[in-house]
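Asker: So the sequence shown is residues 1 to 258, counted in the UniProt record's numbering.
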Amino acid sequence: MHYHVLTLFPEMIEQGLHTSIIGRAIAAGTITLSAVNIRDYAGNRYGKVDDYPYGGGAGMVMQAEPVYQACQAVAEKIGRKPRVIYLTPQGQTFSQAMVEDFAKEEDLVFLCGHYEGIDERVLEEVVTDYVSIGDYVLTGGELPAMVMIDAISRFVPGVLSNEESAQFESFQDNLLEYPQYSRPAVWRGKEVPPILLSGHHANVEIWRRQQSILRTWQRRPELLEEAQLSKKERQYLEELCRQERQKEEEGKEAPHES
Ligand code: ADE
Numbered sequence: 001m002h003y004h005v006l007t008l009f010p011e012m013i014e015q016g017l018h019t020s021i022i023g024r025a026i027a028a029g030t031i032t033l034s035a036v037n038i039r040d041y042a043g044n045r046y047g048k049v050d051d052y053p054y055g056g057g058a059g060m061v062m063q064a065e066p067v068y069q070a071c072q073a074v075a076e077k078i079g080r081k082p083r084v085i086y087l088t089p090q091g092q093t094f095s096q097a098m099v100e101d102f103a104k105e106e107d108l109v110f111l112c113g114h115y116e117g118i119d120e121r122v123l124e125e126v127v128t129d130y131v132s133i134g135d136y137v138l139t140g141g142e143l144p145a146m147v148m149i150d151a152i153s154r155f156v157p158g159v160l161s162n163e164e165s166a167q168f169e170s171f172q173d174n175l176l177e178y179p180q181y182s183r184p185a186v187w188r189g190k191e192v193p194p195i196l197l198s199g200h201h202a203n204v205e206i207w208r209r210q211q212s213i214l215r216t217w218q219r220r221p222e223l224l225e226e227a228q229l230s231k232k233e234r235q236y237l238e239e240l241c242r243q244e245r246q247k248e249e250e251g252k253e254a255p256h257e258s
């Protein structure tokens, strides 16, 4: 996978992604990362790439031509038109399904905006995907690009070690991850669930799956609509719902204190 990040702050991208698992993958050549400075395509001696918005209003707008030239330079380098992702709160919300789709590409271009945005005409010309990382507004697209690169890289073959990729994770099967424990077995009086110390592998697996269902039901119940559950697991979920209804009923029946 080759990432090309078009940005006014290339050092932010380089400093942010050269550590930990992504840094290791870059060092090994499993992924490559090139931060392209849009200012290098300014076309003037001052490196000026922004101007006032037509129609008035606050802030500055990034001009079309430098962005277009930076994009063209990447397309020429790789010999074809790549997928170009524009990071914007107006985009589709980033999801695990999108991670898996983007991970299939050979090259991905991330276009990071700043100021009040980028001239609409160049966006119409080059952007293939508009993506938001959530309903809040950041100062630029660099952090969202890094978030996406981190998540996508985990799905690029060879980035995670066998042990890292075999792990159960949140969103696998639309369920959240079960709780994890490590030594000591008793910490400040709190014990590790005894089943995890039993050495009974099959029972541990059943318990973990139930914990995943319980946790998803408690924290992100809407995910369960798409989850693939066995008949026994469906029964477990129904039992959870039944217990909850019972608690509610008991709450209603309890006499009011005055
Ligand atoms: N740029 C500014 N805010 C953003 C967000 N929430 N997602 C993606 N890009 C952005």
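Ideal placement from N, C-alpha and C gives every residue a C-beta, glycine not left out.
Taking 8 Å as the cut-off, is the beta-carbon of Y178 closer than that to any non-hydrogen atom of the ligand ADE?
Answerer: Y178 Cβ: outside cutoff for every heavy atom of the ligand ADE.
Asker: Enumerate in chain order the residues of its own chain whose CB-to-CB distance from S170 is below 8 Å, with the five nearest sequence positions on each side excluded.
Answerer: Taken in chain order, the residues that qualify are L176 and E177.
Asker: How would you label R209, buried or exposed, when you count the other beta carbons within 10 angstroms and need 16 or more for buried?
Answerer: Classification for R209: buried.
Asker: Just jot down, in chain order, the residues whose CB lies closer than 6 Å to any heavy atom of the ligand ADE.
Answerer: The filter returns L87, T88, P89, S132, I133, G134, Y136, V137, L138, G141 and P144, in chain order.
Asker: Pick helix, strand or coil for A69, following the three-state DSSP scheme.
Answerer: The sequence as given places Gln at residue 69; Ala does not occur at that position. Helix, per DSSP.
Asker: Counting Cβ pairs, one atom from each stretch, are 3 or more of them under 8 Å apart for the region 37–57 and the region 85–104?
Answerer: Judged by Cβ distances under 8 Å, the region 37–57 makes no contact with the region 85–104, as fewer than three pairs qualify.
Asker: For Y130, which beta-bridge partners are listed by DSSP?
Answerer: The partner list for Y130 (beta bridge, DSSP) reads Y86.
Asker: Do you know whose CA, among V131, G134, P157 and E191, lies nearest E105's CA?
Answerer: Nearest C-alpha to E105: P157.
Asker: Could you name the residues of the same chain whose beta carbon sits closer than 6 Å to that of I149, not counting the 5 residues immediately before and after it, in chain order?
Answerer: If we look at I149 and ignore the five residues flanking it on each side, its Cβ neighbours are Y3.
Asker: List, from N- to C-terminal side, the beta strand (DSSP E) runs of 3 residues or more that fit wholly inside the region 105–192.
Answerer: Fully enclosed beta strand (DSSP E) runs of 3 or longer: 107–111 and 129–132.
Asker: In terms of residues, what are the limits of the alpha helix (DSSP H) holding S212?
Answerer: Looking at the DSSP string, the run of the alpha helix (DSSP H) that includes S212 is H201 to R219.
Asker: Quick one: any contact between the region 69–89 and the region 26–41, if contact means 3 or more CB pairs under 8 Å?
Answerer: At 8 Å Cβ cutoff, the stretches touch.
Asker: Pull up the DSSP beta-bridge partners for N37, would you.
Answerer: Bridge partners of N37: T7.
Asker: Return the residue from the list I21, E222, M60 and A151 that minimises the CA-CA distance to H114.
Answerer: Residue M60 is the option with its Cα nearest to H114.
Asker: Using DSSP with H/G/I as helix, E/B as strand and the rest coil, what is V61?
Answerer: V61: strand per DSSP, three-state reduction.
Asker: I133 and L87: beta carbons closer than 9 Å?
Answerer: Their beta carbons are under 9 Å apart, which means I133 touches L87 by this criterion.
Asker: Quick check: is the beta carbon of G59 nearer than 9 Å to any beta carbon in chain D?
Answerer: Of the protein chains in the structure, only one exists, and it is not chain D.
Asker: Please confirm whether G23 and E142 have their CB atoms less than 9 Å apart.
Answerer: No; because the gap between Cβ atoms is not below 9 Å, this pair is not in contact.
Asker: Please classify V159 as buried or exposed, where buried requires at least 16 other C-beta atoms within 10 Å of its C-beta.
Answerer: The residue in question, V159, is buried, as its Cβ has 16 or more Cβ neighbours within 10 Å.
Asker: Candidates E222, L240 and E100: which alpha carbon is nearest N174's?
Answerer: Out of E222, L240 and E100, E222 has the C-alpha closest to the C-alpha of N174.
Asker: My guess is that Y41 and Q69 are in contact by the Cβ rule of under 8 Å, so how many angstroms apart are they, rounded?
Answerer: Yes, Y41 and Q69 are in contact; Cβ-Cβ is about 4 Å, under 8 Å.
Asker: Measure the alpha-carbon distance for V67 versus G189 and round it to whole angstroms.
Answerer: Cα to Cα, V67 sits roughly 59 Å from G189.
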